[in-house]
Amino acid sequence: MGVLTEGELTPLTFEEIQQYKEFLKTHGIQQFCRHYNKIKDKNYETLKWGDEIEMMMIRLDDEKKTAPLNCKAVEILGPLMEAERQNPGDTDTAWRPEFTEFMIESSPGRPYGGNIDHFNTVEANMKIRRDELMSYFTDDKEQILSLSTYPRIGCQNVFHPPVKCKMENNTATRSYSVPDSVINKSHLRHRNLATQMTKRKGRKIFHNAPIFRDTNTPNPFIDPDVPKDSPEDMEVMKPNHVHLDCVTTGLGCGCLQTTFQACNVEEARTLYDQQTVLAPIVMALSASSPCIKGYLLETDTRWENIAGLCDERTPDELGLEPLKDKTRRRLYKSRYGSVDMYLSEENDKYNDIDVIYRDEHLQILLDEGIDNQLARHIAHLFTRDPLAVYKEMLSDEEMDHFELFNSTNYQSVRFKPPPPATNIGWRVEMRPIESQLTDFENAAFVSFVVLLTRVCLSYELNLAIPMSKVEKNMERASKRNALQEEKFFFRINLGPEETEAECKEMTMNEIINGKDDDFPGLLDIIQFYLDHLDIDADTKCTISQYLKLISARASGELLTTASWMRKFIRSHPKYKFDSVVSEEINYDLMKMCTEITNGKVHCPDLFTADQMSKSCRYVPEKNTKMLEEVEKITKSLTERNTSFFFNSK
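Pasting the structure below:
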C-alpha cells in the first residue's frame with residue numbers, strides 16, 4: 001500500500017491538494033534527483049529478497065451456512081506489530097495494515113539472502129505467520145485464507161460484524177455495494193485514498209467486468225443489483241457485465257508479492273526489466289479470481305478489476321474532452337496498470353509504446369544528471385496527481401513528496417529507491433502474482449520467481465521483448481483459462497550476446513516446460529543453474545517439489561486455483577448454471593478452501609498427493625557457512641555449458 005507515516009496527520013482536502021500539486025510535483029522530482037545523486041554509487045553485498053501475502057480473515061458459520069469477511073484488523077494489528085516495534089529487524093514476522101478491515105499484510109521479519117538454503121525456509125515462515133495471526137482469534141469460526149478475490153465482495157451481508165450499506169453514508173466512495181466502514185481504521189491513508197480518487201474522478205469510481213455466460217445466464221445479462229435511483233451507475237453500466245462501483249472492491253483484493261533488494265542501481269534496473277516480462281506469465285500461472293460480487297466472470301485474475309476500480313482519470317485525461325490546460329496529458333492507462341517502459345539502456349530499443357511525461361519534468365531530471373532512460377520513467381510517474389497529502393509533509397526535505405507519486409503508481413512492477421537514512425538498497429517489487437490457498441503453493445511461486453531472477457543475473461540472460469508484446473501478454477493473462485487457451489509472446493534467444501530479441505507466440509506449457517529444439521523451457525534453465533550448486537538435500541527436495549508444481553500447472557496436469565474454483569462452483573448441487581455464486585455456494589467454497597489450506601483435505605486438482613516439501617524454520621547450522629553468493633559460478637563454466645539456452649536452435 002505504500003509508505004505509512006506514523007503520528008498525527010492532517011489530510012489536505014481535494015481543493016487544497018490542487019493548490020499544492022504543482023509544487024509537490026516539482027519538489028518530488030528534485031527530491032529524487034538529490035537522493036539519486038547521493039546514493040547512486042552505493043553497493044550492497046548480496047541480492048536480498050522477500051515476500052508479502054495479503055491475508056483475508058473470514059468467519060465460517062456452519063449453522064447459517066455463511067462465510068462473511070471478518071472485519072477486525074484494527075483490533076489485532078497493534079498486538080501483531082508489537083514484537084517488531086520492540087525488536088526492529090530481529091523478528092520472524094512483520095505485519096502491516098492493508099486497505100480493508102478484513103485484510104492484513106504479512107511478510108518475513110528479515111529478508112532472505114544469497115544462501116540457497118533460504119529457499120527451504122520460505123514455506124515454514126509463511127506457516128509461522130499464519131499460525132501467529134490465528135493465535136489472535138478467540139472463536140473457532142474465525143479462519144484465514146490467502147485469497148486474491150473474495151467471491152461475493154460487493155454483495156449485501158458479507159461482513160462480520162454485520163453492517164448495512166447505505167449510499168448516503170459512504171462519503172468516501174459513494175458506493176451502493178461496499179460500506180466505507182470496512183476501510184482500514186488503523187491509518188487514515190486508506191480512507192483518504194478512496195476519498196481523493198472519487199473526488200478527482202468527479203464521480204464515483206466504477207468498472208464493468210464481463211460475466212461468464214453459462215447455459216442459463218440471461219441474454220443480455222443486466223446487473224440486477226444496480227439501484228435504479230443511482231444515475232451515476234445506470235449511465236455507465238453495460239449489458240453482459242457485472243457492475244462494480246467501489247474502489248474498496250478493487251483494493252480489497254489480495255495478492256502475493258515478491259520484493260528484491262539489488263546490489264546496486266544498475267542491477268535493480270536489470271531486475272525491473274526481467275520482472276516486467278515475467279509479470280504476465282506468473283499472473284496467468286497463479287490465476288485465482290474467477291468471480292466477484294457473486295458472479296462468475298470471463299476473467300480469471302483480479303488485475304483488470306482492480307485496475308478499473310483505481311482508475312480516477314478525468315474525461316480530458318481519457319481523451320473524451322479537450323485537455324483543460326498545458327499541465328494535463330492524455331493518459332492511456334489507469335494508475336493501476338502494467339509497466340510502460342524498460343529501465344536498462346540495452347533494452348531501450350524494445351520501448352515501442354508511448355511513454356507520457358511533461359517536457360519540463362524531464363528537463364529537470366536531465367539537468368541533474370539523470371540519464372534519459374531513467375529520467376523518462378521518473379517523469380512518467382509525475383503525470384499522475386498526488387492523492388493522499390498531509391499538511392505536516394509539505395515542508396519535507398527528504399523523499400516524502402517523491403513517494404506521494406511513486407507509491408500511488410500501482411504498476412505491475414515497481415522500482416523503489418532506497419529510503420533516506422536507512423541501510424535498505426534499491427528494490428524491485430513484482431505485484432501481479434495471485435494468492436494461492438496453501439503455504440506450499442505460495443512458497444512455490446515465490447521460489448520460482450526468485451530462482452529465475454537469480455538465473456538471469458548469474459548468466460546475464462535477457463528476457464526483454466517489445467513492450468507492446470508485454471502489453472498483449474498482460475491482456476491475455478487475465479482471460480478465463482488463459483493458461484490453456486492463450487498463447488504468449490516470449491523470447492527464445494536469451495543469451496547476452498544477442499542484439500535483437502527473437503520472440504514467438506508460445507503456449508504456457510512451451511514457455512515453462514520447453515518446445516522441442518526451439519526453446520528449452522524456463523524450468524530447464526533453472527535446473528541447469530541448480531545442478532551447478534552445492535545444495536543441501538532437504539533444500540534440493542523442497543525446490544524440486546516447487547518446480548514440479550509450476551510444471552504441472554503450466555502443462556494442464558493440475559488446475560489453476562481459478563479453474564478449480566470455477567469447477568467447484570459449476571459442480572455444486574445448488575448452482576443453476578446462471579453464473580450466480582449464491583451465499584450457500586460461497587459458504588461451501590470457502591469451507592473447502594479452509595480445509596485445503598489447513599491440510600484437512602487433499603485436492604488432487606491443485607497438487608498431487610506426493611507434493612510435500614521439507615521446509616524448515618531456519619537454515620541448519622551445518623549449512624550457515626555455505627557461500628552466500630551462490631551466483632558466483634565461474635565464467636568459464638557459464639560459457640562452456642549454457643549455449644543451449646542462449647540460442648533458439
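If you're matching positions, the sequence shown starts at 1 in the UniProt record's numbering and goes up one per residue.
For glycine and all other residues, C-beta sits at the position ideal for the given N, C-alpha and C.
| Query | Result |
| --- | --- |
| Using the rule of at least 16 other Cβ atoms within 10 Å of the residue's Cβ for burial, across every protein chain shown, is Asn157 buried or exposed? | exposed |
| Which same chain residues, not among the five before or five after Ala421, have their C-beta less than 7 Å away from its C-beta? | none |
| Please return the same chain residues whose Cβ sits closer than 8 Å to the Cβ of Ala501, not counting the five positions on each side in sequence. | Tyr350, Asn462, Ala464, Ile465, Pro466, Arg491 and Asn493 |
| Going by alpha carbons, who is nearest to Glu132 out of Asp117, Ala94, Asp139 and Gly252? | Ala94 |
| Please name the residue or residues paired with Gly50 in a DSSP beta bridge. | Thr259 |
| Ignore the nearest five residues each way along the sequence and tell me which others in Leu381's own chain have a CB closer than 8 Å to its CB. | Phe405, Asn406 and Asn409 |
| Could you say if the stretch 196-207 and the stretch 243-252 meet the contact criterion of at least three C-beta pairs nearer than 8 Å? | yes |
| Buried or exposed for Phe102, please, with buried defined as at least 16 other CB atoms from any protein chain shown within 10 angstroms of its CB. | buried |
| Give the C-beta separation of Leu60 and Lys166 to the nearest angstrom, bearing in mind that I take them to be a contact with Cβ-Cβ under 8 Å. | Not quite, the Cβ-Cβ distance comes to about 27 Å (not below 8 Å), so this is no contact. |
| If we count the other Cβ atoms within 10 Å of its Cβ and call it buried at 16 or more, is Asn43 buried or exposed? | exposed |
| Identify, in the order they occur along the chain, each residue of the same chain with its Cβ nearer than 6 Å to the Cβ of Arg213, setting aside the five sequence neighbours on each side. | none |
| What residue range does the beta strand (DSSP E) around His243 cover? | His241 to Leu244 |
| Find the nearest neighbour of Lys38 within the set Glu475, Glu398, Asp517 and Val236, judged by alpha-carbon distance. | Glu398 |
| Short check: CB of Leu606 to CB of Trp564, under 7 Å? | yes |
| For Met283, collect the residues of the same chain with a Cβ closer than 7 Å to its Cβ; drop the 5 residues on either side in sequence, then sort them by chain order. | Thr301, Trp303, Pro432, Ile433, Glu434 and Ala477 |
| Extract the residue ranges of the beta strand (DSSP E) inside the stretch 433-503, only unbroken runs of 3 or more that lie entirely within it. | 488-491 |
| Taking all protein chains shown into account, do 16 or more other C-beta atoms lie within 10 angstroms of the C-beta of Gln196, making it buried, or fewer, making it exposed? | buried |
| Measure from the alpha carbon of Leu271 to the alpha carbon of each residue in Pro162, Val455, Glu360 and Asp311, then state which is nearest. | Val455 |
| Given this structure, state the Cα-to-Cα distance separating Tyr36 from Pro417, to the nearest angstrom. | 8 Å |
| Answer yes or no: does any C-beta atom of chain D fall closer than 7 Å to that of Glu441? | The structure shown contains no chain D, having only a single protein chain. |
| Within a Cβ cutoff of 6 Å, which residues of the same chain sit near Ala268, ignoring the five residues on either side of it in sequence? | Ala262, Trp426 and Val428 |
| Measuring alpha carbon to alpha carbon, tell me which residue in Ser146, Asp92, Ser334 and Leu188 is nearest Thr10. | Leu188 |
| What are the partner residues of Pro210, as DSSP defines its beta bridges? | His241 |
| What separation, rounded to the nearest whole angstrom, lies between the Cα atoms of Ala554 and Ser148? | 20 Å |
| How long is the line joining the alpha carbons of Thr13 and Gly319, rounded to whole angstroms? | 26 Å |
| Assuming Leu145 is part of the beta strand (DSSP E), what are its boundary residues? | Glu142 to Leu145 |
| Cβ of Arg85 within 7 Å of Cβ of Ser106? | no |
| Could you check which residue in Asn169, Leu77 and Lys72 has the C-alpha nearest to that of Pro161? | Lys72 |
| Report the rounded CA-to-CA distance for Gln18 versus Asp316, giving the unit in angstroms. | 16 Å |
| Rounded C-beta distance between Leu365 and Ile585? I'm assuming under 8 Å. | Leu365 to Ile585, Cβ: 53 Å. No contact. |
| Of the residues Met234, Pro79, Arg110 and Ile58, which one's Cα is nearest the Cα of Pro88? | Arg110 |
| Going by beta carbon distance, what residues of the same chain come within less than 7 Å of Asn513, once the five residues before and after it are set aside? | Gly521, Leu523, Ser551, Ala554 and Ser555 |
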